[in-house]
Amino acid sequence: MFVLCSLGGNNSFFVQAIQVHDIFTSVESKAFVKAAESLGFAHQGSLGPTKGEAYKDNDRVSVNDPVLANTIWVSGLNKLFSDFKIRGKVAVGLNPNIRFYQLVG
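Below you can see the structure in the form of structure tokens.
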């Protein structure tokens, strides 16, 4: 699982991806994959990287689910990020816009 930490301000936007291992069991991971596949992935490619961006070619499905976001947060991410601070601020939850990506190629 990847967690994106973002902080914007003064027309700047900082995003850091953090990979979290073993937050879900094998059964939970398979259930997420099955649910995402049942919703249907949409292609999210690009014509090429803009300056400072990476080339992307993947499929994605997005779900807006505050209950799911909170369930994932309290399942252990809250403890993992309790000491993680950006500019003195701590995380208090996940964005309810949960995205599942499937690499292409």
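Residues 1142 to 1246 in the working numbering are what the sequence shown spells out, letter by letter. Glycine included, every Cβ here is placed at the ideal spot set by N, Cα and C.
- In the DSSP secondary-structure assignment, Asn1199 is bridged to Gln1185, Leu1244.
- Taken atom to atom, the span from the alpha-carbon of Val1161 to that of Asp1198 is near 22 Å.
- Taking C-beta separations shorter than 6 Å and ignoring five residues to either side along the sequence, the partners of Gly1234 in its chain run Trp1214, following chain order.
- By the criterion of a C-beta distance shorter than 8 Å, Ala1183 is surrounded in its chain by Asp1200, Arg1201, Val1202, once the five residues flanking it on both sides are discounted.
- Spanning the alpha carbons of Ser1179 and Lys1171 requires a straight line of approximately 12 Å.
- Residue pairing by DSSP places Ile1164 opposite no residue, since no beta bridge is assigned to it.
- Put simply, the backbone Cα of Ser1167 is about 35 Å away from that of Arg1228.
- Under the three-state reduction of DSSP output, Asn1236 falls in the coil class, being neither helix nor strand.
- Going by C-alpha positions, Gly1181 is about 10 Å away from Lys1175.
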